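Engineer:
2 protein chains.
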Amino acid sequence: MKRTASPLEAPAAAVEPTSGGTRPLRIGVAGLGTVGCGVLELLATNAALLARRAGRPFAVAAVSARDRRRRRAVDVGAFPWRDNPLDLADPGAVDIVVELIGGADGPALALARASLARGLSFVTANKALIAHHGAELAILAEQSGAALRFEAAVAGGIPIVKTVKEGLAANRIDRLHGILNGTANFILSRMEETGAPFAEALAEAQRKGYAEADPSFDIDGVDTAHKTAILASLAFGVPPDMTALTVEGVRHVTDVDIAYARELGYRIKLLGIARLADGRLDQRVHACLVEETEALARVRGAANAIEVHGDFAGPTVIEGLGAGAGPTASAVVADLIEIARGNKGSTFSMPASRLTPLDAVPAAERRGRFYVRLRVVDRIGVMAEIAIALRDSGVSVERLIQRAREDDGSVHLILTTHETSEGAMRGVIESFTAIEAVLDPPLMLRIEPI
Amino acid sequence: MKRTASPLEAPAAAVEPTSGGTRPLRIGVAGLGTVGCGVLELLATNAALLARRAGRPFAVAAVSARDRRRRRAVDVGAFPWRDNPLDLADPGAVDIVVELIGGADGPALALARASLARGLSFVTANKALIAHHGAELAILAEQSGAALRFEAAVAGGIPIVKTVKEGLAANRIDRLHGILNGTANFILSRMEETGAPFAEALAEAQRKGYAEADPSFDIDGVDTAHKTAILASLAFGVPPDMTALTVEGVRHVTDVDIAYARELGYRIKLLGIARLADGRLDQRVHACLVEETEALARVRGAANAIEVHGDFAGPTVIEGLGAGAGPTASAVVADLIEIARGNKGSTFSMPASRLTPLDAVPAAERRGRFYVRLRVVDRIGVMAEIAIALRDSGVSVERLIQRAREDDGSVHLILTTHETSEGAMRGVIESFTAIEAVLDPPLMLRIEPI
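Residue numbers (the numbering used here), protein chains in the order written: chain A, 39 to 488; chain B, 39 to 488.
#1: How about P95 of chain B and A82 of chain B: do their beta carbons lie closer than 8 Å?
#2: Who are the near neighbours of S187 of chain A in its chain, counting only those whose CB is closer than 6 Å to its CB and skipping five residues on each side?
#3: Taking 8 Å as the CB-CB cut-off, is S227 of chain B touching chain A?
#4: Per the contact definition of three or more C-beta pairs closer than 8 Å, is the segment 238-253 of chain B in contact with the segment 203-212 of chain B?
#5: Grab the span of the alpha helix (DSSP H) containing S448 of chain B for me, first residue to last.
#6: With a threshold of 8 Å between beta carbons, is E231 of chain B in contact with chain A?
#7: Strictly below 7 Å CB to CB, what residues from chain A border K200 of chain B?
#8: Hey, R300 of chain A and V328 of chain A: beta-carbon distance below 8 Å or not?
#9: Would you please state the rounded distance, in angstroms, between the beta carbons of L126 of chain A and L149 of chain A? I believe it to be under 8 Å.
#10: Just the C-alpha distance for A92 of chain A and G172 of chain B, rounded to the nearest angstrom, thanks.
#11: Closer than 8 Å, CB to CB, is L80 of chain A near chain B or not?
#12: Can you tell which of A:A146, A:S159, A:G115 has the C-alpha that lies nearest to the C-alpha of D133 of chain A?
#13: Can you look up P129 of chain B in the DSSP assignment and give me helix, strand or coil?
#14: Can you pull out the residues from the segment 346-364 of chain B whose beta carbon lies closer than 7 Å to at least one beta carbon of chain A?
#15: Determine, for M463 of chain A, whether the minimum Cβ-Cβ distance to residues of chain B falls below 8 Å.
#16: Using the C-alpha atoms, what's the distance from A166 of chain A back to T281 of chain A?
#17: Tell me which residues share the same chain as A155 of chain A and place their Cβ nearer than 7 Å to its Cβ, disregarding the 5 neighbours each side in the sequence.
#18: For the segment 331-347 of chain A, which residues have a CB atom closer than 8 Å to at least one CB atom of chain B, in sequence order?
#19: How big is the Cα-Cα spacing for R437 of chain A and T292 of chain B?
#20: Would G216 of chain B and A343 of chain B be called neighbours here (beta carbons separated by less than 8 Å)?
#21: Which ranges would you report for the alpha helix (DSSP H) in the segment 345-422 of chain A if only whole runs of at least 4 residues count?
#22: For N342 of chain A, does the three-state DSSP call read helix, strand or coil?
#23: P480 of chain A: buried (16+ other C-beta within 10 angstroms of its C-beta) or exposed?
#24: Contact between the segment 450-465 of chain A and the segment 400-408 of chain A: three or more CB pairs below 8 Å?
#25: Could you check how far apart the C-beta atoms of V276 of chain A and T394 of chain A are, in whole angstroms? I think they sit under 8 Å.
#26: Alpha carbons only, please: which of A:T60, A:G71, A:L63 is nearest the one belonging to G362 of chain A?
#27: Are the beta-carbon atoms of H347 of chain A and L226 of chain A separated by less than 8 Å?
#28: Spatial neighbours of G303 of chain A within its chain, please: C-beta separation below 7 Å, excluding the five flanking residues on both sides.
#29: Just mark E468 of chain A as buried or exposed, buried being the case when its beta carbon has 16 or more other beta carbons within 10 Å.
#30: Can you pull the chain B neighbours of S391 of chain A, defined as C-beta to C-beta under 7 Å?
#31: Can you pull the DSSP bridge partners for C326 of chain B?
#32: Using a threshold of 8 Å, state whether the C-beta atoms of A351 of chain B and L359 of chain A are closer than that.
#33: Let me make sure I understand the geometry here. Which of B:D113, B:P118, B:C75 has the alpha-carbon closest to that of R64 of chain B?
#34: Could you tell me which of B:A335, B:A312, B:D445, B:D446 sits nearest to I268 of chain B, measuring between CA atoms?
#35: Who does I439 of chain B pair with in a DSSP beta bridge?
#36: How is P479 of chain A classed by DSSP in three states: helix, strand or coil?
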C-alpha cells in the first residue's frame, strides 16, 4: 500500500475547489478511530482523483468522536467538531453521514435512524448494525429516498457487497462461503506454518495488532456471523437474520487437528457459509476442513476471500484485505462515490419490502462430511466399540488414522466420514462420549464443500 | 453451472406480467450465437428473480441475426425478428439494444452508433468494439443520456469492469495484470500438466471447443490486448488505445520453457499488464514467468483472473470463468439490471470528456527481470562469449542452468537476470544471436512482477 509520507493536509478535502461549478458533497464522519482516520486520509490524499471519478469533490463538513483531544494519525483540528454524533444528522450542514462508531445499537443505531429519517444518505462499516437492523434501516432509507450503503461492513477492501448485489445480480445463487475474519485466518495460518498451539498463535496475533485484547468477536465467530448474515441477505433476498445462524468459533481447534487435517489433504479455515438446500436456507459459521486444492484453502494470513456460485456465472472467487484502515476506507469512500454518481439503488439486492425470509434447514438435517478426533486408551476392544457406535448411527467411515501410542498410553484416532446428516453425527458423538476408553470430549469438524 | 433441463420457454420473458404496474424493459438482441442464446436462456430461466432484483421485468422485444433458420440452442421463433440489426435501434419498440455480433467495426459499430444517437441504452460483450471505439461511443452515450455498458467484454462472468470502475473507485491504482484469455491459459496449463508441446496442447483445446479453428486472436494476444486496453482505461482514466499496447502471444513458448520455468519456481502465463511508472503508462500483453506463489500462477485451465493494486485497498484478486454462454450472459444481464435500476453512471470511470491519455513508457526503458533460453554448441569458450555479451550490456545474471548435452551435441542454457531495462536486454539478445555457437534464435520472456 502506497501512502503519502508527508504530514496529512487534512483541510485539503474541505477546501477542495468545486469542479465545474459543482458544489462539494458534504460528509459528516462519526467515529475517528483507525478507520475514521483512514477515511479522512483517503479523502485528502486522493481528493483530485475522487472529484474526477465522482463528478464532484467531497468536503468533510463535520466530525464527531468520543474524545476530541486523543492523539490520532490525522490532525482533525481543522474540521468542524460535534460533541454529539447525532448532531451530524443535520441536512443543513451535511449530505452524507459516515458512521464508524461500531456496535449494533447505541449511538450508531440512533445516528442511522436520525440520518435516514431526515433524508441524509448513510454510509457505514458497521456489520453488527446491518446484520441486526439492516431490514428496518433499509425501509427507512427507501421511505426517505436516502441511500444506505455498507460495502465496508463485509471483507474491507474487497467489494463483495457490490459483487453479489450488482455484479452477479443475473444469477440464482445457490451457495457462498468465505473467509471473512482476518484474525481467525491469521491464527489458523500460523498454527499451520509453525505447528504452534492455538494460544501461542493467538498471542502472536495480539502482538502484531491483528487480534484485540479481548479477541472473542473474532475467534468465536460473531464477526464472521454478522458478515455472513449480510451476504446471505444480498444473495438470497432474505432479511439479514442473526437468529438464523449457527455459530461456532476456532478456540477448540488444536495443533493436532491442523496437522492431521493437513495429512488428509485439508486446511482448517473459519468459514461463513450460506447455501440453499431444497428451497430452505442453511446459514452457519464454523471452523471446517477445506480440501487443499480449493481456492479458499490457499488464503493465508489476515486476508479475506469469498466464493460465490451463480447458476450462469459459475464460481467466482474474490480475495483481498479484509480489515485495516486502508482497505476499510477504500470501501467507505467507494460508497461515497457511488452516491455522488447518483447510483442509489436498493439497500439490499431488492427493495426491503420484497425481502422474504426462507425456512432454515434444521441443524440435524444438514448433510455433509465430517472429521472426528478422539483420544482413547490404547487397549483391545476400543476400536470395536467405536465401529459399533458408527454402525448403529448409520455413519460410514471414509478414512481412519491411528498412530503409535503416546507416553501416557493414549492414542489419537482420527476419522473422516462419507456424506451423512448432522443428526446422525450427533448420535455418533454421544455414543463416543459414553465409551469409557474415550478420554477427552470428541471433537467434530465439518468438511466443506461436501 | 445448474441449468433447466426442460425445453426453454423462450416466450416466458416476453410475456412476463408487469410487476406492480411497471412496464417491462424492452430488449433488442443482435447476434444469436452461443452468447446470444445464453442471454435469451438466462432471461427466460431467471425471469421472476430478475424482475424482483431489477424492479421490473425484461421483455425480449426483437431479435436479429444473420441466419434466421440456423439451428440454435434456444427456439427464437417466438421473438419478433429483424433481418437488419440496425432496425433494432428503434425507440418505438426497444429500450435497450444488446449487441452480441462482435467485430470492431461493421454492423456492431453501426448499431452502437445508431442506438446511442437515438438515446437507446446499449449493452455489449464486444471487446474489440470498446477497445477501438470506446471513447467515441462513450461521448455519444453521454450526449444522448443513454447508458453504454460492457461488463461482458472483459473476463466474462467476472465482474471486473464494475470492480475497477466502482468497487475500487476510491483508489489510485498503480498496476493491474490478468489472465484474460481462457484459451491461452488452457494451452499453457495443459503443457505444464502433461509436458505436451504447444501444437499438441492447442489441438486438444480445439477438440474441446476452447480454441477456434483459427486460434490467432486468442493465442497471439489480440483478445487479451482488447481487454487490457479497456481495463487500463477504467483504472487510469485514459481513453482505450490499442496503439499504445505492445502485444506478443504464446506461440513461441515451448515445452522446454514450461519445464525450466517450473524448475526455477515459475509458471508461464499470458498476461495483460497495465501499470504506471513515473506518471507514464506501460500497457502490454505477453507470455511471462510468474512466481509460483503468486495468485495468478495458480489459475488453471480456461479460468480468468485479474489482480488490481490500489493505494488504499491493497491487492485484490478476482477469479472466475472468462468465457462461454453462461458467464458471458451473466455479465450482459447484470448490465441490463443496472440500467433497469437506474444506475447509469459514466461509461468509463469518469465522463468521457475527462479521459486523458498518458505518455507511454518506451519499450526500451521498461524495467524488469528476464528469462532467456539459448541452444548452443557444447564447446569450450561458449560460456565466456555469453558472459562477455551480458557484461558488455550491463546485465547481471541471477540464475543459470546448463544441462548435460543432447544427442546432437547441443545444450540448453537457461538464465534469469536481475532487474534491468528491455533496451539492455535487446542488446544482449542481439549479441547472443551473433555468437556462432548459438544455434537457434534466443528466446526472451519477461518475469512478472518485477
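Quick reminder that beta carbons are idealized off the backbone N, C-alpha and C, glycines included.
Being a predicted model, the structure only gives us computed values, none of them experimental.
Structural biologist: Taking the definition as stated:
#1: Along the second sequence, one-based indexing puts residue 95 of chain B at 57. Along the second sequence, one-based indexing puts residue 82 of chain B at 44. No, they are not a contact pair.
#2: Here residue 187 of chain A refers to the residue found at position 149 when the first sequence is read from its first residue. Note that residue 187 of chain A is Arg in the sequence shown, not Ser. Around R187 of chain A: V161, D373.
#3: The count along the second sequence starts at 1 and reaches residue 227 of chain B at position 189. No, no contact with chain A.
#4: no
#5: The sequence position of residue 448 of chain B within the second sequence is 410, counting from 1. Per DSSP, S448 of chain B belongs to no alpha helix (DSSP H); it is in the beta strand (DSSP E), 448-455.
#6: As a working mapping, residue 231 of chain B is identified with position 193 in the second sequence. No, E231 of chain B does not count as interfacial toward chain A.
#7: Taking the first residue of the second sequence as 1, we reach residue 200 of chain B at position 162. Residues of chain A passing the Cβ test: K200, E204, G205.
#8: Position 262 of the first sequence, counting from 1, holds the residue named residue 300 of chain A. Position 290 of the first sequence, counting from 1, holds the residue named residue 328 of chain A. Result no, Cβ atoms of R300 of chain A and V328 of chain A do not sit closer than 8 Å.
#9: Here residue 126 of chain A refers to the residue found at position 88 of the first sequence. Here residue 149 of chain A refers to the residue found at position 111 of the first sequence. Contact flag correct, Cβ pair sits at about 7 Å.
#10: Sequence index remark: in the first sequence, residue 92 of chain A carries index 54 (1-based). Sequence index remark: in the second sequence, residue 172 of chain B carries index 134 (1-based). Those two C-alpha atoms are separated by around 20 Å.
#11: Here the question's residue 80 of chain A lines up with position 42 in the first sequence. Yes, because at least one Cβ of chain B sits closer than 8 Å to the Cβ of L80 of chain A.
#12: Looking up residue 133 of chain A in the first sequence gives position 95. Cα-wise, what sits closest to D133 of chain A is A:S159.
#13: Your numbering for residue 129 of chain B matches position 91 in the second sequence. Of the three classes helix, strand and coil, the one that applies to P129 of chain B here is coil, per DSSP.
#14: G348, D349, F350, A351, G352, P353, T354, V355, I356, E357, G358, L359, G364
#15: By 1-based counting over the first sequence, the position of residue 463 of chain A is 425. Chain B contact via Cβ: absent.
#16: The count along the first sequence starts at 1 and reaches residue 281 of chain A at position 243. The count along the first sequence starts at 1 and reaches residue 166 of chain A at position 128. T281 of chain A and A166 of chain A: Cα-Cα distance of roughly 13 Å.
#17: Walking along the first sequence from the start, residue 155 of chain A turns up at place 117. Closer than 7 Å at the Cβ level, and outside the excluded window around A155 of chain A, lie L178, S182.
#18: A333, R336
#19: Counting from 1 along the first sequence, the entry for residue 437 of chain A is found at position 399. Counting from 1 along the second sequence, the entry for residue 292 of chain B is found at position 254. Looking at the two C-alpha atoms, the distance is approximately 41 Å.
#20: For the purposes of this step, residue 216 of chain B is identified with residue 178 of the second sequence, where counting begins at 1. For the purposes of this step, residue 343 of chain B is identified with residue 305 of the second sequence, where counting begins at 1. Closer than 8 Å, so yes.
#21: 363-378
#22: What you label residue 342 of chain A is simply residue 304 of the first sequence in a count that begins at 1. Three-state DSSP puts N342 of chain A in a strand.
#23: For the purposes of this step, residue 480 of chain A is taken as residue 442 along the first sequence, with counting starting at 1. Label assigned to P480 of chain A: buried.
#24: yes
#25: Within the first sequence, numbered from 1, the residue matching residue 276 of chain A stands at position 238. Within the first sequence, numbered from 1, the residue matching residue 394 of chain A stands at position 356. Between T394 of chain A and V276 of chain A the Cβ distance is about 7 Å, and since that is below 8 Å, they are a contact.
#26: Mapped onto the first sequence, residue 362 of chain A falls at position 324. Of A:T60, A:G71, A:L63, the residue nearest in Cα terms is A:G71.
#27: Taking the first sequence and counting its residues from 1, the one referred to as residue 347 of chain A is at position 309. Taking the first sequence and counting its residues from 1, the one referred to as residue 226 of chain A is at position 188. No, these two residues do not count as a Cβ contact at 8 Å.
#28: As a working note, residue 303 of chain A is residue 265 in the first sequence. These residues qualify, in order along the chain: E329, E330.
#29: Here the question's residue 468 of chain A lines up with position 430 in the first sequence. Result: exposed.
#30: Position 353 of the first sequence, counted from the first residue, corresponds to residue 391 of chain A. None at all; the shortest Cβ gap to chain B is about 10 Å.
#31: Here residue 326 of chain B is taken as the residue at index 288 of the second sequence, counted from 1. In the DSSP output, where bridge partners are listed per residue, C326 of chain B has B:K307, B:R484.
#32: As a working note, residue 351 of chain B is residue 313 in the second sequence. As a working note, residue 359 of chain A is residue 321 in the first sequence. Yes, the pair counts as a contact, with Cβ atoms nearer than the cut-off.
#33: Numbered from its first residue, the second sequence carries residue 64 of chain B at position 26. Checked all of B:D113, B:P118, B:C75; the closest Cα to R64 of chain B is B:P118.
#34: Within the second sequence, the letter at position 230 stands for residue 268 of chain B. For I268 of chain B, the nearest C-alpha among the options comes from B:A312.
#35: For the purposes of this step, residue 439 of chain B is taken as residue 401 along the second sequence, with counting starting at 1. Beta-bridge pairing links I439 of chain B to B:I452.
#36: Within the first sequence, numbered from 1, the residue matching residue 479 of chain A stands at position 441. If DSSP states are grouped into helix, strand and coil, P479 of chain A belongs with coil.
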